[in-house]
Amino acid sequence: MPSDHRTIRSQLRRNAALDLVAGVGLGITMAVAGALVPTVARQHGLAPMGVALLAAAPFLGNLLSAFAGRVGPRSPRQLALARFLGATALASLALGSYPAVAIVAAFAFWLTAAFSSPLQVRLWSAMYPAELRGRLIGVIGTGRAAAGGIAAVTVGVLADRAGVPVAVLVAAGVGGICALASAGLRTSRPLEDQRYSARHAVGVLSRSPELRSLVIAQAFFGGGMIAASALYPLVHVDRLALSLADVGLIAVIGSAATTLSFLAWGAFVDRRGGRAVLRVASLLGLAALVLYALAPAVEVLWAAALVGGLSSSGIDIGIQGGIAATTRSKDRAAAMAGWNAVTGTRGLVAPLLSSVLVQADVVGLTGGLLLCAVPAAIGVALYAGLRLPWRLPSRVRVPASLPVRRPV
């Protein structure tokens with residue numbers, strides 16, 4: 038039995054280490070796709086509607102990921118391949134013609150990331166004990182956020198000095214190599230080949246009243262935040278005329294806040310569940326949006342990035358805790374795909390709507406951002422009113438497979 042315990046602990050550590058490396062790679066490529074690509078494209082003349090398309094790219098991927106049960110990755114090796122191809126797509130930015138290539142590269146990257154997320158959630162359920170899952174996911178999220186922050190500022194500085202093609206190639210290469218670590222992930226028993234339709238993925242969400250309430254709250258809050266994100270590059274370029282290094286610094290502040298808070302949120306979810314986390318995190322996200330709307334100088338954006346980073350990690354961990362607490366283990370991949378599809382529909386419409394209003398001069402940039410704060414505030418109120426049975430026992434037992442060392 039002791040040898041079995043050692044084997045299980047060794048496998049747990051190995052999985053966590055490989056998962057962390059893969060998370061680092063994902064953080065690097067997400068920083069390039071999310072923080073730098075829209076700014077680069079705007080600097081090369083991309084219209085606000087084009088910037089909105091870049092903001093909508095992750096959510097088109099989420100919408101299409103409802104079909105991941107049919108054509109998505111089903112094994113750790115396929116997961117590694119999908120993420121490697123996503124990093125390779127970003128490398129195409131070195132070809133030039135940034136506005137057109139940026140849109141194609143962003144859509145390809147976010148599509149591979151979205152199709153991979155249901156399997157990732159399923160692997161987490163199979164690899165990590167329930168009592169430790171939140172903290173381990175927090176560690177992985179910490180590594181991903183830290184890598185994203187470092188990559189954002191490093192790639193930004195490198196792009197200013199050596200050019201965007203060189204910077205993007207370096208980031209995409211490192212991210213692609215790290216993505217291959219996912220191929221080494223192992224579970225205690227083989228994963229069943231679970232196939233599910235898009236209809237079943239969405240239907241899983243409707244089975245639980247608690248999960249339906251969570252979807253509605255996130256629809257309002259996330260809709261406002263996504264609509265605002267399409268206007269952030271306009272604040273960077275049009276209002277404040279920031280350099281890529283400035284944008285990278287803003288990103289690294291947000292990533293640092295996310296990094297430092299992931300572990301705390303993860304431990305809190307393990308003890309209390311996701312409800313309280315979502316309430317606080319959504320309020321912080323609303324505050325970050327308002328700061329962006331009123332920012333007269335880059336220093337205010339630093340504060341917005343700090344508060345927004347705290348919100349981002351809390352929302353991420355809270356949603357994972359909510360899905361885990363309200364669905365069966367075998368349904369979590371389908372639930373994640375359904376969640377992505379529902380939120381993806383909202384994410385496609387929201388950034389296009391806010392950008393159309395600003396580009397058509399219906400509202401100014403500040404007015405458009407404050408308008409985005411309205412649905413976000415409704416989401417905060419809905420989170421405050423959630424009545425979900427997500428609280429876990431205050432004393433968490435460590436399973437027998439992970440014995441605690443006692444002093445002799």
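In terms of this note's numbering, the sequence shown opens at residue 38 and continues consecutively.
All C-beta atoms in this analysis are idealised placements derived from N, C-alpha and C, irrespective of residue type, glycine included.
Around the beta-carbon of THR149, 16 or more other beta-carbon atoms lie within 10 Å, marking it buried. In the structure shown, THR403 falls within a helical segment according to DSSP collapsed to helix, strand and coil. In the three-state DSSP reduction, THR363 falls in the helix class (H, G or I). Closest by C-alpha distance to PHE305, out of ARG79, LEU169 and PRO113, is LEU169. Note that the stretch 260-273 touches the stretch 321-331; at least 3 beta-carbon pairs, one per stretch, sit closer than 8 angstroms. Around the beta-carbon of LEU132, fewer than 16 other beta-carbon atoms lie within 10 Å, marking it exposed. Within the model, the alpha-carbon separation for ARG365 versus VAL284 is close to 41 angstroms. In this structure, the beta-carbon distance from GLY200 to ALA410 does not fall below 8 angstroms. CA-to-CA, the gap between ILE360 and GLN157 works out to about 13 angstroms. Residue ranges of uninterrupted beta strand (DSSP E) with 3 or more members are absent from the stretch 287-353; none lies entirely inside it. Shown here for ALA325: same chain residues with a beta carbon closer than 7 angstroms to its own, the five before and five after excluded, namely ALA341, VAL344, GLY345 and SER348 in chain order.
In this structure, the straight-line span from the alpha carbon of GLY375 to that of ARG198 is close to 43 angstroms. For PHE257, the enclosing alpha helix (DSSP H) starts and ends at 246-266. Judged by their CB atoms, LEU206 and ALA128 are nearer to each other than the 8 angstroms cut-off. Taking the C-beta atoms as reference points, GLY358 is found no nearer than 8 angstroms to ALA318. The three-state reading of DSSP puts HIS81 in coil, since its state is none of H, G, I, E or B. The distance from the Cβ of PRO110 to that of SER153 is about 6 angstroms, consistent with a contact at the 8 angstroms cut-off. Taking the Cβ atoms as the reference, GLY87 lies roughly 7 angstroms from ALA78, within the contact range of under 8 angstroms. Assigned with DSSP and collapsed to three states, ARG170 falls in helix. Taken through DSSP and simplified to helix, strand or coil, ALA278 comes out as coil. CA-CA distance, ARG249 to GLY240, rounds to 11 angstroms.
Taking 4 residues as the shortest admissible run, the stretch 129-196 contains the following complete alpha helix (DSSP H) segments, listed from N- to C-terminal end: 135-164.
Counting only residues of its own chain and dropping the five nearest sequence neighbours on each side, THR125 has a CB closer than 8 angstroms to the CB of ALA209 and GLY213. Buried is the label assigned to PRO75, since at least 16 other Cβ atoms lie within 10 Å of its Cβ.
Using a C-beta cut-off of 8 angstroms, the stretch 384-391 makes no contact with the stretch 272-292, since fewer than three inter-stretch Cβ pairs fall below that distance.
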